[in-house]
Amino acid sequence: AAKAGVNYIPLSGEMVFEPGDYEKVLQVQINENDFYGPSLELTVNLHREGLENARLDKDLWQARVEIMDNDFFPTNAYQEQIDPDSLVEDDEPLQRLDQTGLLREYIRFCLADPVIFQGMLKMILTDQLENLQGFVNLVMSVYLVDFVVVSSVPESKLFI
């Protein structure tokens, strides 16, 4: 959800419908940034307070507005080099990109977003715990073969 004061400037006020007016345009100022992010939603509510010579329908007093992000993923650093319309015909501009720099921008994007960063930490921790489990299984197998089996059955020595 979009946050008032962060993603857009909140408004409140009175909207006057003259006789014969069936719609009005409401301008909401969006706070632009240079960071890619998900599309956000904000809600516009109409209230009954101060309502004169009109009726507010029980289902049509609220509207959801979607804020579409027009930034490039993961960063706008390569915006000048890529025209999205030209990629339909030819992907050659993508082939010329500095791939190391693009990877660096992607990592910077992941580290800057707290949700992605926490998910990345959980994934790394889970993977390392799986590696630890595999290592413990290997050590226990070697221990069982070298000490338990060899000492209980002397003729089963692996090395003479």
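Under full-length UniProt numbering, the sequence shown has 1 at position 1, and the numbering climbs by one with no breaks. Note that CB positions come from ideal geometry on N, CA and C, so glycine has one too.
Three-state class that DSSP yields for residue i in the structure shown
i           : result
residue 27  : coil
residue 143 : helix
residue 73  : coil
residue 8   : strand
residue 109 : helix
residue 35  : strand
Residue i vs residue j beta-carbon contact at 7 angstroms
i          : j          : result
residue 24 : residue 15 : yes
residue 93 : residue 82 : yes
Whole-angstrom C-beta distance between residue j and residue i, which should lie under 8 angstroms
i          : j           : result
residue 36 : residue 69  : 6 angstroms
residue 41 : residue 64  : 5 angstroms
residue 7  : residue 67  : 6 angstroms
residue 71 : residue 34  : 6 angstroms
residue 43 : residue 62  : 6 angstroms
residue 78 : residue 111 : The pair is not a contact, with the Cβ atoms about 19 angstroms apart (cut-off 8 angstroms).
Counted within 10 angstroms of its Cβ, other Cβ atoms place residue i as buried (16 or more) or exposed
i           : result
residue 105 : buried
Per DSSP, cross-strand counterpart(s) of residue i
i          : result
residue 64 : 43
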